[in-house]
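Below is one structure; the comments refer to it alone.
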Amino acid sequence: MGKHASAKVTTVTVTPRQALWLELMAFYTHEAWLLDERKFKEWLDLFTDDVLYFMPRRKNVLRREAHREVTPLGDLSLIEDDRRYLEMRVARLETGMAWGEDPPSRTRHLIGNLVAEPLSKGEVKAKTAFLVYRSHLETDHQLLAGSREDVLRRVNGAWKIAKRTVLLDANVLLDKNLSIFL
Amino acid sequence: MGATQKYSIIDPATGKIDRGIFSDQAVYDQEMEKIFGRAWLMIGHESLVPKVNDFFHTYMGEDPVILTRDGQGRLHALLNMCRHRGNRVVRCDDGNATRFMCTYHGWTYGSDGKLEHVAGMSEAYYDALDKPSLGLVQARVDTYAGIVFATWAEDAPSLEAFLGDARWYLDTVFNRRDGGMQALGPMKWLEPVNWKTMVDNCSDNYHVPTTHLSSARVQTRYLGRPPLSHKDQFESPNKHVFVNGHSLTFREAPDNTPRYVHGISKDTFPLFQAYHEATLPEVERRLGAFRARHVQLGNHSIFPNGVLGFRLALPRGPLQTEFWHFVLLEKDAPEALKHAIRIGSQANNGAAGLFEQDDVDNWRQVTAASKSRLGRRISQDLSMGLGHAGAHPEYPGVVSERYISENNQRLFYQRWEEFMNAESWADIPIAPITARFEGTATLHG
Numbered sequence: 001m002g003k004h005a006s007a008k009v010t011t012v013t014v015t016p017r018q019a020l021w022l023e024l025m026a027f028y029t030h031e032a033w034l035l036d037e038r039k040f041k042e043w044l045d046l047f048t049d050d051v052l053y054f055m056p057r058r059k060n061v062l063r064r065e066a067h068r069e070v071t072p073l074g075d076l077s078l079i080e081d082d083r084r085y086l087e088m089r090v091a092r093l094e095t096g097m098a099w100g101e102d103p104p105s106r107t108r109h110l111i112g113n114l115v116a117e118p119l120s121k122g123e124v125k126a127k128t129a130f131l132v133y134r135s136h137l138e139t140d141h142q143l144l145a146g147s148r149e150d151v152l153r154r155v156n157g158a159w160k161i162a163k164r165t166v167l168l169d170a171n172v173l174l175d176k177n178l179s180i181f182l
Numbered sequence: 001m002g003a004t005q006k007y008s009i010i011d012p013a014t015g016k017i018d019r020g021i022f023s024d025q026a027v028y029d030q031e032m033e034k035i036f037g038r039a040w041l042m043i044g045h046e047s048l049v050p051k052v053n054d055f056f057h058t059y060m061g062e063d064p065v066i067l068t069r070d071g072q073g074r075l076h077a078l079l080n081m082c083r084h085r086g087n088r089v090v091r092c093d094d095g096n097a098t099r100f101m102c103t104y105h106g107w108t109y110g111s112d113g114k115l116e117h118v119a120g121m122s123e124a125y126y127d128a129l130d131k132p133s134l135g136l137v138q139a140r141v142d143t144y145a146g147i148v149f150a151t152w153a154e155d156a157p158s159l160e161a162f163l164g165d166a167r168w169y170l171d172t173v174f175n176r177r178d179g180g181m182q183a184l185g186p187m188k189w190l191e192p193v194n195w196k197t198m199v200d201n202c203s204d205n206y207h208v209p210t211t212h213l214s215s216a217r218v219q220t221r222y223l224g225r226p227p228l229s230h231k232d233q234f235e236s237p238n239k240h241v242f243v244n245g246h247s248l249t250f251r252e253a254p255d256n257t258p259r260y261v262h263g264i265s266k267d268t269f270p271l272f273q274a275y276h277e278a279t280l281p282e283v284e285r286r287l288g289a290f291r292a293r294h295v296q297l298g299n300h301s302i303f304p305n306g307v308l309g310f311r312l313a314l315p316r317g318p319l320q321t322e323f324w325h326f327v328l329l330e331k332d333a334p335e336a337l338k339h340a341i342r343i344g345s346q347a348n349n350g351a352a353g354l355f356e357q358d359d360v361d362n363w364r365q366v367t368a369a370s371k372s373r374l375g376r377r378i379s380q381d382l383s384m385g386l387g388h389a390g391a392h393p394e395y396p397g398v399v400s401e402r403y404i405s406e407n408n409q410r411l412f413y414q415r416w417e418e419f420m421n422a423e424s425w426a427d428i429p430i431a432p433i434t435a436r437f438e439g440t441a442t443l444h445g
C-alpha cells in the first residue's frame with residue numbers, strides 16, 4: 001500500500017447542465033482529433049443521416065444592418081452539404097487523385113468556448129469557437145477562425161450532429177481553397 | 001508617357017509563350033493600364049441593385065468601384081475615392097443609401113456621384129470650391145442581359161461592339177428568358193494565381209479528366225453523372241470558338257436536351273428536361289430556332305477577366321487573384337430547379353468546390369514556375385491543334401475542329417498583345433458584327 005491509500009476520495013457533484021457541458025466538450029475534443037488524424041470516415045459517423053452542414057458568407061454591413069451580415073439559407077453559401085455531399089467529399093479523398101489534398105494538409109483544430117443549451121425533443125444547441133491551423137505542401141499555411149453552431153441529437157445513445165453552421169470570421173477568404181473540414 | 005512598349009510574347013506558328021507575363025510586376029502594371037484601363041469589364045449584375053439607391057461594392061481591376069442605382073433608377077459605376085484626400089466613401093459590401101459620406105472630413109456624395117455637401121463650404125472654402133467638377137469619378141456603364149459592364153476609356157467602342165458576335169453564343173445562357181436572371185453571391189477568396197491562367201483554363205477541357213478525376217468518379221457513383229474520361233473528352237463534338245477577343249466553348253445540341261450544368265444528376269435530370277421543353281417556345285421566339293435548339297454555351301471567358309460564366313477574376317498583383325463566384329439563375333425558373341443549380345454550383349465551383357479545390361495548386365505552380373530563374377526562360381507550349389481551326393459556315397468566330405484544343409488560348413494571348421501594344425482604342429481591332437441575331441432578344445434583354 002502506497003501513500004495514496006490514505007488519500008481522501010472526493011466526490012464532485014455537477015449539475016445536469018455541467019454534465020452536459022463535460023460530455024459535449026469531450027465530444028468536440030474527440031471530433032478535433034479525428035479530423036487532425038485524418039480519420040474522416042469515423043468523423044462522418046458523428047453526423048445524422050439528415051444532417052445539414054452549412055457555411056454561409058459573411059458580409060461587411062453597417063452595425064444597424066447587422067441582420068444582413070450573415071447570408072441566409074437559400075442564398076449562395078460556401079458550403080451547404082447534405083449527408084450525401086459530405087460522403088462524396090470524404091470518398092473523393094480516398095480515390096488517391098484528389099490533388100488539392102494529396103499530399104494532404106496538416107491541420108490542428110482547437111475548439112473551445114463551448115456553450116450548450118438544451119432544446120426541445122432531447123436536442124441540444126452547442127456553440128463553440130475554433131482556431132484551425134492548416135499547413136499544406138511546402139510553405140502554404142493559414143489560420144482560420146470562426147464559430148460553429150450545432151444542433152445535436154442522441155442516436156442509439158450517442159450524440160450526433162444534425163445541423164452544423166460554420167461561421168468564418170473572414171470576408172474575403174485568404175486561403176487558396178477550403179479543402180479541409182471545419 | 002513614352003512610346004508604348006511592344007510585347008511579342010507568343011509565337012502564333014508554334015504556340016510558344018513567354019512565361020514572364022505571369023509574374024513580372026512591370027508587365028502587370030502595364031496590364032492594369034492597357035487592358036483593365038481600357039476594356040469593358042464585368043462589374044456586377046442589375047439584380048444586385050434592384051431598387052433605387054441600392055449599391056453593390058465591386059472592382060475594376062484593382063480600383064474600388066461602387067455600382068449604384070440612383071434615385072432615377074440609372075446605373076452608375078463610381079470610383080470609391082473621395083475627391084478630397086482619397087478615402088473610400090463606402091466600406092460596406094452592399095446596401096441602400098441616398099448619400100455616401102466620407103468618414104474623414106464629411107464630404108458627401110449622392111448615389112449619382114455628385115458632390116452634394118462639403119463641411120465649411122463658406123467658412124473654410126470661401127465658397128470657392130468647384131463642387132460640380134468634384135463628383136466621384138464615373139466610368140461608362142452599359143448592360144448586357146442584366147450583366148453590368150463598365151469601362152474607363154472614353155474612346156472605347158460600344159459594349160455591343162465590344163461583345164460583338166460573342167453575344168450570339170452568350171445569349172444561349174444569359175438571354176434565354178423574358179424574365180431575365182438573378183445573381184446570388186459573390187463568394188470571395190484569394191488565390192496565389194496570375195489572373196490570365198484562370199482565363200486560359202476556361203477553354204481548357206484537356207485538364208478535366210486528370211485534374212478532376214476524383215470528383216468526377218464520386219459524382220458518377222453518388223449522383224449518376226457521366227464519367228469525364230479522356231475518351232469522352234476526345235470524342236466530344238463540342239468546339240472552341242474565339243470571337244471578337246472572347247474565349248468560348250460550345251456544344252452543338254441537335255438532340256434537344258438541356259445544357260449540362262452542375263446540379264444535374266440522375267435524380268434531377270427530369271426536372272431540367274421538363275423545364276427545357278416547357279420554355280423552348282419562348283427561347284425560340286427570343287433566339288430563333290437554330291440557337292435555341294442547336295447551340296449550348298459551355299465554359300467561357302469574356303475578355304479580359306470574366307470567367308466561368310458570371311465570375312470575376314480580380315487581379316491583385318501578378319501573383320494573386322481574388323475570385324468572386326456568383327450563381328446566375330433564371331428568375332422565372334421553378335424553385336426546385338434553382339435549388340438544384342445553386343447547390344450544384346456551390347458544391348463544385350467556389351472555394352470549397354469539389355471540382356475547384358483541385359485546380360488551384362496547378363494554377364499557382366504555373367504562376368510560380370514563371371518566377372523561377374531557369375523556368376521563366378523556358379516557354380509554355382500551347383501548340384495543341386495548331387492549324388485546325390478557322391471560319392465555319394454556321395458559327396461565327398474562329399472555330400476549332402475539336403473540343404480539346406489550345407486554339408482559344410493562343411488567340412487570347414494574341415488579343416492580350418493587341419491591347420498591350422496599342423496606343424489607344426483606335427489601334428485595337430474589333431470585328432464587325434456579322435452573326436444573324438434571330439429572335440427578339442436584344443443587348444439589354
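Chains as they are written, first to last, in my numbering: chain A, 1 to 182; chain B, 1 to 445.
For glycine and all other residues, C-beta sits at the position ideal for the given N, C-alpha and C.
This one's a predicted model, so the numbers in the text were calculated from it and none came from an experiment.
Neighbourhood of residue i by C-beta distance below 6 Å, restricted to the same chain and skipping five residues each side
{"i": "Y169/B", "result": "L248, F250, L297"}
{"i": "F465/B", "result": "It is not possible to answer for residue 465/B, since the shown part of chain B is limited to 1 through 445."}
{"i": "E117/A", "result": "K125"}
{"i": "E401/B", "result": "H388"}
{"i": "V61/A", "result": "R68, E69"}
{"i": "E149/A", "result": "K127, T165"}
{"i": "K163/A", "result": "L52, V151"}
{"i": "D11/B", "result": "none"}
{"i": "D171/B", "result": "L287, A441"}
Chain B residues whose Cβ lies nearer than 7 Å to that of residue i
{"i": "D150/A", "result": "Per Cβ cutoff of 7 Å: no residues; D150/A is ~18 Å from chain B at best."}
{"i": "S77/A", "result": "Q346"}
8 Å Cβ shell around residue i - same chain, five flanking residues per side excluded
{"i": "W21/A", "result": "L114, A116"}
{"i": "M1/A", "result": "Low confidence applies here, because M1/A scores a pLDDT of 47, under 50, leaving its location unreliable; read the following figure in that light. Cβ neighbours of M1/A beyond the five flanking positions: none."}
{"i": "L75/B", "result": "E46, V49, L67, T68, R69, V141, T143, V148"}
{"i": "Y399/B", "result": "Looking at the sequence provided, one finds Val at residue 399/B rather than Tyr. Cβ neighbours of V399/B beyond the five flanking positions: K239, H240, V241, A389, G390, A391, H392."}
First through last residue of the beta strand (DSSP E) which encompasses residue i
{"i": "V398/B", "result": "398-400"}
{"i": "T143/A", "result": "This sequence places Leu at residue 143/A; Thr is not what is there. Segment 140-155, the beta strand (DSSP E) holding L143/A."}
{"i": "R376/B", "result": "Note, R376/B: premise wrong, no beta strand (DSSP E); not H, not E."}
{"i": "E322/B", "result": "321-330"}
{"i": "N96/B", "result": "94-96"}
{"i": "L167/A", "result": "158-168"}
{"i": "R108/A", "result": "106-118"}
{"i": "V65/B", "result": "63-69"}
{"i": "G44/B", "result": "41-45"}
Chain-ordered neighbours of residue i on chain A, where CB pairs are closer than 8 Å
{"i": "D358/B", "result": "A98, W99, G100"}
{"i": "V89/B", "result": "The contacting residues do not exist; V89/B stays about 13 Å from chain A at best."}
{"i": "Q219/B", "result": "M88"}
{"i": "G446/B", "result": "Residue 446/B falls outside the range modelled here, since chain B spans only 1 to 445, and no answer is possible."}
{"i": "A352/B", "result": "M55, L78, I79, N177, L178, S179"}
Contacts that residue i makes with chain B (C-beta to C-beta distance below 8 Å)
{"i": "D49/A", "result": "Going along chain B, no residue has its Cβ under 8 Å from D49/A, so there is no contact; the nearest lies around 15 Å."}
{"i": "N171/A", "result": "D93, K188"}
Other residues of its chain near residue i: CB distance less than 7 Å, five sequence neighbours each side excluded
{"i": "M1/B", "result": "Model confidence at M1/B stands at a pLDDT of 46, short of 50, so the residue's coordinates are unreliable; what they give is reported in the following sentence. Excluding sequence neighbours, M1/B sits near nothing in its chain."}
{"i": "A119/B", "result": "H105, G106"}
{"i": "S265/B", "result": "L223, G224, R225"}
Neighbouring residues, chain A, relative to residue i (Cβ below 7 Å)
{"i": "V295/B", "result": "None at all; the shortest Cβ gap to chain A is about 27 Å."}
{"i": "L337/B", "result": "None at all; the shortest Cβ gap to chain A is about 14 Å."}
{"i": "C92/B", "result": "N60, V61, L62"}
Within chain B, partners of residue i - CB distance below 9 Å
{"i": "L174/A", "result": "W189, L190"}
Host alpha helix (DSSP H) of residue i (start-end)
{"i": "P209/B", "result": "208-211"}
{"i": "G179/B", "result": "Looking at the DSSP string, G179/B is not in any alpha helix (DSSP H), and its letter there is neither H nor E."}
Under 9 Å by beta carbon: chain D residues contacting residue i
{"i": "E80/A", "result": "This model lacks chain D altogether, as its protein chains are A and B."}
- Task: Please list the residues of the segment 181-193 of chain B that have a C-beta atom closer than 7 Å to any C-beta atom in chain A, keeping them in chain order.
- Result: L184, G185, M187, K188, W189, L190, E191, P192
- Query: Are three or more beta carbon pairs between the segment 23-39 of chain B and the segment 273-288 of chain B nearer than 8 Å?
  - Reply: no
- Do the segment 330-347 of chain B and the segment 155-167 of chain A touch if we need at least three Cβ pairs shorter than 8 Å? no
- Message: Counting only Cβ-Cβ distances shorter than 9 Å, please list the residues of the segment 42-68 of chain A near chain B, keeping chain order.
- Response: M55, R57, K59, N60, V61, L62, E65, R68
- Message: For the segment 81-93 of chain A against the segment 213-223 of chain B, do three or more pairs of beta-carbon atoms, one drawn from each stretch, fall closer than 8 Å, so that the two count as touching?
- Response: yes
- Query: Any residues in the segment 191-217 of chain B with a beta carbon nearer than 7 Å to a beta carbon of chain A? Which ones, in chain order?
  - Reply: E191, P192, T211, L213, S214, S215, R217
- Query: Do the segment 184-197 of chain B and the segment 358-367 of chain B make contact, defined as three or more Cβ pairs closer than 8 Å?
  - Reply: yes
- Task: Return the residues of the segment 104-134 of chain A that lie within a Cβ-Cβ distance of less than 7 Å from chain B, sorted by chain order.
- Result: none
- Please confirm if the segment 50-60 of chain A is in contact with the segment 73-81 of chain A, defined as three or more CB-CB distances below 8 Å between the two stretches. yes
- Count the CB pairs spanning the segment 132-140 of chain A and the segment 87-107 of chain A that are closer than 8 Å, and state whether there are at least three. yes
- Query: Are three or more beta carbon pairs between the segment 9-25 of chain B and the segment 368-376 of chain B nearer than 8 Å?
  - Reply: yes
- Item | Contact set between the segment 107-138 of chain B and chain A, restricted to residues whose Cβ is under 7 Å from the partner | none
- Selection of the segment 304-321 of chain B by Cβ proximity to chain A, strictly under 9 Å: none
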